[in-house]
Amino acid sequence: MSIVIDRRLNDRNKSAGNRARFLRRYKEQMKKAVTDMVGERSITDMDRGGSVNIPVRDIAEPSFRHGAGGDQESVHAGNHSFQPGDRLPRPSGDGQGGGGGSSGGEGGDSEDSFTFALTREEFLSLFFDDLELPHLVRNFLGEARDHKWQRAGYTASGVPANLSVLRSLRTALGRRIALGSAIRRELDLLEQRIAAEGLDPALEAERVRLRQRLKQIPFLDELDLRYRHRVRVPQPISRAVMFCLMDVSASMNEEKKDLAKRFFTLLYLFLSRKYEKVELVFIRHTDDAQEVDEETFFHDPKSGGTVVLSALKLMQEIIAARYPGGQWNIYGAQVSDGDAFGADPEKSRALLVEQLLPQLRYYAYIETPDDPQRVSPLMHAYSRIEAGHFATCSVTERSQVYPVLRELFRREAAA
Amino acid sequence: MNSILVTETPATLPGAAGNGPADGNTPQLPLALSGGGRLLSTGSEWTFELLGRYDEAIHAIAANEFGLDTYPNQIEVIASEQMLDAYASVGLPISYPHWSYGKEFIRNEHLYRKGARGLAYEIVINSNPCISYLMEENSMPMQALVIAHACYGHNSFFKGNYLFRQWTNADAIVDYMVFARRYVLDCEEHHGHAAVEEVLDSCHALMSHGVDRYRHPTPLSVEEERDRQRDREEHAWQRYDEIWKTVPRKRPAERRRGESPFPEEPQENLLYFIEKHAPKLEPWQRELVRITRKLAQYFYPQGQTKVMNEGWATFWHYTLLNRLYDHRLVDSGFMLEVLQSHTNVITQRGYDQRGYGGLNPYALGFAMMSDIRRICEQPTEEDRHWFPDIAGGDWRKVLDFAMRNYKDESFIGQFLSPRLMREFHLFAVADQASDSQLRIDSIHNEDGYRRLRRLLAAQYNRDNQVPDIQVLRYERRGDRSLTLRHRQHRGRPLHGETGEVMKHLSRLWGFAVRLETVDAQDRPVGETLSLGA
Numbered sequence: 003m004s005i006v007i008d009r010r011l012n013d014r015n016k017s018a019g020n021r022a023r024f025l026r027r028y029k030e031q032m033k034k035a036v037t038d039m040v041g042e043r044s045i046t047d048m049d050r051g052g053s054v055n056i057p058v059r060d061i062a063e064p065s066f067r068h069g070a071g072g073d074q075e076s077v078h079a080g081n082h083s084f085q086p087g088d089r090l091p092r093p094s095g096d097g098q099g100g101g102g103g104s105s106g107g108e109g110g111d112s113e114d115s116f117t118f119a120l121t122r123e124e125f126l127s128l129f130f131d132d133l134e135l136p137h138l139v140r141n142f143l144g145e146a147r148d149h150k151w152q153r154a155g156y157t158a159s160g161v162p163a164n165l166s167v168l169r170s171l172r173t174a175l176g177r178r179i180a181l182g183s184a185i186r187r188e189l190d191l192l193e194q195r196i197a198a199e200g201l202d203p204a205l206e207a208e209r210v211r212l213r214q215r216l217k218q219i220p221f222l223d224e225l226d227l228r229y230r231h232r233v234r235v236p237q238p239i240s241r242a243v244m245f246c247l248m249d250v251s252a253s254m255n256e257e258k259k260d261l262a263k264r265f266f267t268l269l270y271l272f273l274s275r276k277y278e279k280v281e282l283v284f285i286r287h288t289d290d291a292q293e294v295d296e297e298t299f300f301h302d303p304k305s306g307g308t309v310v311l312s313a314l315k316l317m318q319e320i321i322a323a324r325y326p327g328g329q330w331n332i333y334g335a336q337v338s339d340g341d342a343f344g345a346d347p348e349k350s351r352a353l354l355v356e357q358l359l360p361q362l363r364y365y366a367y368i369e370t371p372d373d374p375q376r377v378s379p380l381m382h383a384y385s386r387i388e389a390g391h392f393a394t395c396s397v398t399e400r401s402q403v404y405p406v407l408r409e410l411f412r413r414e415a416a417a
Numbered sequence: 186m187n188s189i190l191v192t193e194t195p196a197t198l199p200g201a202a203g204n205g206p207a208d209g210n211t212p213q214l215p216l217a218l219s220g221g222g223r224l225l226s227t228g229s230e231w232t233f234e235l236l237g238r239y240d241e242a243i244h245a246i247a248a249n250e251f252g253l254d255t256y257p258n259q260i261e262v263i264a265s266e267q268m269l270d271a272y273a274s275v276g277l278p279i280s281y282p283h284w285s286y287g288k289e290f291i292r293n294e295h296l297y298r299k300g301a302r303g304l305a306y307e308i309v310i311n312s313n314p315c316i317s318y319l320m321e322e323n324s325m326p327m328q329a330l331v332i333a334h335a336c337y338g339h340n341s342f343f344k345g346n347y348l349f350r351q352w353t354n355a356d357a358i359v360d361y362m363v364f365a366r367r368y369v370l371d372c373e374e375h376h377g378h379a380a381v382e383e384v385l386d387s388c389h390a391l392m393s394h395g396v397d398r399y400r401h402p403t404p405l406s407v408e409e410e411r412d413r414q415r416d417r418e419e420h421a422w423q424r425y426d427e428i429w430k431t432v433p434r435k436r437p438a439e440r441r442r443g444e445s446p447f448p449e450e451p452q453e454n455l456l457y458f459i460e461k462h463a464p465k466l467e468p469w470q471r472e473l474v475r476i477t478r479k480l481a482q483y484f485y486p487q488g489q490t491k492v493m494n495e496g497w498a499t500f501w502h503y504t505l506l507n508r509l510y511d512h513r514l515v516d517s518g519f520m521l522e523v524l525q526s527h528t529n530v531i532t533q534r535g536y537d538q539r540g541y542g543g544l545n546p547y548a549l550g551f552a553m554m555s556d557i558r559r560i561c562e563q564p565t566e567e568d569r570h571w572f573p574d575i576a577g578g579d580w581r582k583v584l585d586f587a588m589r590n591y592k593d594e595s596f597i598g599q600f601l602s603p604r605l606m607r608e609f610h611l612f613a614v615a616d617q618a619s620d621s622q623l624r625i626d627s628i629h630n631e632d633g634y635r636r637l638r639r640l641l642a643a644q645y646n647r648d649n650q651v652p653d654i655q656v657l658r659y660e661r662r663g664d665r666s667l668t669l670r671h672r673q674h675r676g677r678p679l680h681g682e683t684g685e686v687m688k689h690l691s692r693l694w695g696f697a698v699r700l701e702t703v704d705a706q707d708r709p710v711g712e713t714l715s716l717g718a
């Protein structure tokens with residue numbers, strides 16, 4: 003007789019091992035596909051992850067089989083008008099899946115590419131593969147500067163506000179039992195003697211004395227008081243703020259702004275993956291600096307000269323006002339075409355090195371020069387800054403944005 | 186939609202008036218059903234108890250009325266995710282791990298989630314006991330259909346058909362796969378994922394040429410298999426003797442004399458040849474070659490009996506469930522749902538319709554099985570002329586005989602009737618290299634029947650699908666190179682990816698490999714593909 007078995011509760015993920023093997027094998031292809039997508043996709047698409055197409059030929063499993071050509075016949079169904087000897091043109095293409103069907107190749111792979119759906123997390127994980135935030139581990143584990151109060155049992159000393167009534171009374175009860183038990187034992191014996199021998203004055207006096215002693219044990223003593231104990235434990239900071247600084251003077255054209263946007267977006271995506279909360283501050287500057295919203299930052303035209311120092315000063319003010327005391331991971335990203343005049347570059351450098359960099363996790367300067375060969379005044383000044391968490395780079399094409407970001411972090415990680 | 190079969194089938198409904206008595210023997214009600222007239226269930230919900238009762242009822246009809254001989258059944262109810270898992274391991278309940286199964290899983294999962302493809306209602310495994318997977322999403326009528334289809338249709342085919350009897354061992358396959366899985370996992374642990382993957386990749390590439398067509402494999406249980414593997418390793422180890430390396434070699438000229446080429450006859454089983462003779466393989470690598478070879482052999486009959494197997498199973502679910510209805514064990518709502526699914530399964534689209542993917546094996550197989558029954562029961566003049574042996578005979582005996590002794594190619598060559606060719610509107614297209622256009626070779630008319638049938642049969646001949654590539658020479662005393670010969674079939678060249686396969690071959694072989702191509706008269710064609718090691 004047949005046996006019917008319910009297997010529904012069995013392990014449902016029998017293919018997990020095979021899927022993992024597939025992922026491992028094609029990790030390189032997927033990374034490459036993701037990198038290609040980064041070059042092609044618009045920024046708003048970037049965050050949604052999605053599907054990777056791997057060309058079928060890359061993952062095909064070859065075997066000895068017939069190709070097109072030679073003589074063959076194939077039988078098909080549904081004839082309604084053909085007569086023997088009729089001639090018809092060869093279907094174009096490989097003859098696969100065509101209506102007339104010449105090759106009779108059944109069940110061949112007709113898809114050009116193999117679609118593999120990556121979750122958003124998997125997509126970003128590949129996208130940011132082996133990019134590590136500088137100092138991140140240190141920040142999370144060792145050098146954390148945010149603290150939280152946490153309970154840590156009870157102590158015998160403290161402020162009245164922390165008094166634990168329950169604990170104190172419990173201790174008092176224990177003390178009273180401990181101190182009184184010997185007296186009570188004596189009293190019991192005495193009572194027995196009185197019951198046996200009758201009440202005489204000596205015994206009576208003794209009983210009074212013992213009762214007196216019992217009464218003298220205090221209900222609550224200084225010794226009994228217990229206070230709730232709390233300790234400060236270090237808490238990793240999971241907040242970050244990212245400052246976007248951009249020169250919006252006339253020499254920054256749309257193309258350069260687009261490059262800047264890509265850079266900022268990538269950095270933002272990266273931070274938003276690492277931190278629970280990432281705030282953005284946009285500072286644009288010409289000869290003076292303003293804090294603006296994102297729309298204005300990228301699209302509102304403004305003309306004027308160039309004073310980099312103004313932007314850095316504004317950044318410093320904002321940090322002092324809104325992100326004080328090392329409770330935030332502060333990141334800075336600056337984009338400029340490198341034009342700066344007079345003492346401005348040197349002053350900026352000094353401000354950056356002395357005031358800002360000690361407070362920052364990371365600061366990146368991206369230059370979008372008209373002529374890649376020329377060393378701009380700003381770059382000249384900045385390139386003399388020696389700090390592990392400061393990096394500069396020059397970018398002229400969209401496709402360079404991603405590698406640059408990668409390079410920045412890699413250099414930082416090695417430092 | 187081309188619904189030839191659908192409109193035609195009511196005439197052959199087993200329950201239709203006049204069919205029962207025409208058999209010559211009145212169907213006897215099986216014991217379990219003698220209560221008669223009581224519905225097994227109503228509605229679409231299934232329970233385990235109901236599954237058991239339906240199975241019992243179907244079994245009673247299959248065994249007592251129609252004499253189907255089956256392995257015991259093991260029916261397993263699974264969820265859709267588990268069905269996806271089962272797909273990925275090519276329908277085996279257990280398999281060794283490999284990325285290609287992961288690929289298959291991801292592909293199916295993607296299509297399924299997108300809604301581009303539904304899941305099969307069942308998967309059935311050629312094993313003893315015969316394991317069938319039922320999806321929990323199926324309704325009761327669907328479960329009954331699947332039980333009839335898989336547990337009695339496919340099951341009896343696995344047990345009866347000569348190819349399966351000869352080439353697969355239903356008792357041992359699950360045990361063997363347990364061994365294989367454990368062995369591959371062990372190898373991964375010892376030699377690393379990459380090394381194991383390389384060997385398996387290469388073996389998979391040659392799997393279509395890892396099949397013996399003329400020898401009988403011996404059944405082995407998991408313990409015996411492991412013992413034999415240990416023995417093989419030990420034997421190789423014992424025979425190894427460092428001292429032989431010091432024996433002075435003969436001069437090449439002396440050696441050549443009187444030396445016969447090896448192998449004496451060309452060998453068609455590449456994987457077997459590699460397993461036995463590849464000069465550089467480690468023992469564990471040889472074992473992996475052997476595992477894939479066994480797997481290829483296991484699947485060998487399935488590819489050659491697709492039409493028959495599905496046709497047989499479809500014919501029987503149709504017949505068995507109609508008997509249930511005749512016995513008033515199910516109501517017409519049940520039958521309507523069954524018939525709807527049945528009709529979907531046996532749809533054959535025309536070549537110019539959307540979704541045409543060649544001949545539907547279910548449609549062709551079912552039509553042929555039903556047609557054989559019709560020829561036996563209600564032969565026409567034409568049938569008497571074409572099938573004098575079976576026209577008017579006992580359809581059960583004829584069908585049983587056909588099921589046991591044929592494969593797709595011979596089955597079609599023997600039993601495809603002119604009537605079916607007309608119903609399917611079959612036509613053959615000739616594609617010749619010398620002609621710039623395609624030519625209609627023959628159609629379903631008086632002149633075309635025989636040729637059409639021959640061409641269709643040839644289409645299911647494995648030799649037409651798989652190129653004829655054999656081991657020609659192994660230079661054992663020379664440079665240890667391996668030469669394969671491809672004999673072209675009617676001028677058909679090999680696919681462009683052949684170079685890739687040769688790389689895999691060269692990886693397994695370890696020395697130079699060559700592939701030469703000859704035509705039917707053994708004259709060389711084109712260039713010899715060679716890969717040095």
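Residue numbers (our numbering), protein chains in the order written: chain A, 3 to 417; chain B, 186 to 718.
Where a beta carbon is used, it is the ideal one built from N, C-alpha and C, also for glycine.
Per DSSP, which one or two residues make a beta bridge with B/ARG672? B/ASP653 and B/VAL703
Please name the residue in A/ARG351, A/VAL309, A/ARG324 and A/LEU358 whose C-alpha comes closest to that of A/ALA342. A/VAL309
Short of 7 Å Cβ to Cβ, which residues in the stretch 451-474 of chain B face chain A? Under the 7 Å Cβ criterion, the stretch 451-474 of chain B contributes no residue.
Would you be able to state if there are at least three C-beta pairs under 8 Å between the stretch 488-506 of chain B and the stretch 552-564 of chain B? yes
Just confirm the distance between the C-beta atoms of A/GLY69 and B/ARG675, as a whole number of angstroms; I'd bet it's less than 8 Å. Contact between A/GLY69 and B/ARG675 is ruled out by a C-beta separation of about 13 Å, above the 8 Å threshold.
In chain B, which residues lie with their C-beta within 7 Å of the C-beta of A/LYS16? ASP270
Apply the 10 Å Cβ neighbour rule to A/ALA313 and answer buried if 16 or more other Cβ atoms are within range, or exposed otherwise. buried
Here's the rule: buried if 16 or more other CB atoms are within 10 angstroms of the residue's CB, otherwise exposed. What is A/ALA35? buried
Going by DSSP, name the residue or residues bridged to A/TRP151. A/TRP151 is bridged to A/ARG234.
Cβ of A/PHE245 within 8 Å of any chain B Cβ: Output row for A/PHE245: interface = no.
Starting from B/ASN529, trace the alpha helix (DSSP H) both ways and give me its first and last residue. 517-530
Chain A within 8 Å of B/THR192, Cβ atoms only: Annotation note: pLDDT 24 at B/THR192 (below 50); position unreliable, no value reported.
Determine the burial state of B/VAL515: buried for a count of at least 16 other Cβ atoms within 10 Å of its Cβ, exposed for fewer. buried
Should B/GLN644 be labelled buried (16 or more other beta-carbon atoms within 10 Å of its own) or exposed? buried
Helix, strand or coil for A/ASP88? Go by DSSP, reduced to three states. coil
What residues from chain A crowd round B/VAL686, counting only those whose CB sits closer than 8 Å? Going along chain A in sequence order, the residues near B/VAL686 (Cβ under 8 Å) are PRO64, SER65 and PHE66.
Whose CA, out of B/LEU319, B/GLY543, B/SER445 and B/ASN323, lies closest to the CA of B/GLU522? In terms of Cα proximity to B/GLU522, the closest of B/LEU319, B/GLY543, B/SER445 and B/ASN323 is B/ASN323.
Closest by C-alpha distance to B/PHE251, when choosing among B/ASP579, B/SER602 and B/ARG692: B/ASP579
Mind the definition here: the stretch 461-468 of chain B touches the stretch 269-288 of chain B only if three or more C-beta pairs lie below 8 Å; say whether that holds. no
Please tell me whether A/ARG9 and B/GLN267 are closer than 8 Å, where the distance is taken between their beta carbons. Yes, they are a contact pair.
Cβ neighbours of B/ASP568 in the same chain (closer than 6 Å, five flanking residues each side left out): By the criterion of a C-beta distance shorter than 6 Å, B/ASP568 is surrounded in its chain by ILE560 and ALA576, once the five residues flanking it on both sides are discounted.
Give the single residue among B/GLY684, B/LEU667, B/ARG413 and B/ARG708 whose Cα lies nearest to the Cα of B/PHE458. B/LEU667
Can the beta-carbon of B/ASP593 be found less than 8 Å from the beta-carbon of B/GLN489? The Cβ-Cβ distance between B/ASP593 and B/GLN489 falls below 8 Å.
Apart from the five residues on each side of it in sequence, which residues of its chain come closer than 7 Å, Cβ to Cβ, to B/GLN622? none
In the DSSP output, which residue or residues are listed as bridge partners for A/ASP366? Correcting the residue type first, residue 366 of chain A is Ala in the shown sequence and not Asp. A/ALA335 and A/ALA393, per the DSSP bridge assignment.
Do B/ASN590 and B/TYR347 have their C-beta atoms within less than 8 Å of each other? Yes. Within cutoff.
Does DSSP put B/ASN293 in a helix, a strand or coil? helix
Determine the burial state of B/TYR425: buried for a count of at least 16 other Cβ atoms within 10 Å of its Cβ, exposed for fewer. exposed
Of all the options B/LYS344, B/LEU235 and B/TYR337, which has the alpha carbon lying nearest to the alpha carbon of B/ASN249? B/TYR337
Can you list the residues of chain B that A/PRO91 reaches, using a CB-CB cut of under 8 Å? GLN622 and LEU623
Hey, out of A/ILE185, A/LEU353, A/GLU297 and A/GLN375, whose CA is closest to A/LYS217's CA? A/ILE185
For chain B, check one thing: does any of its Cβ atoms lie closer than 8 Å to the Cβ of A/ASN460? The shown model of chain A, from 3 to 417, leaves out residue 460 of chain A, and the question about it has no answer.
Nearest-angstrom Cα distance between A/THR288 and A/GLY307? If you take the alpha carbons of A/THR288 and A/GLY307, they lie about 5 Å apart.
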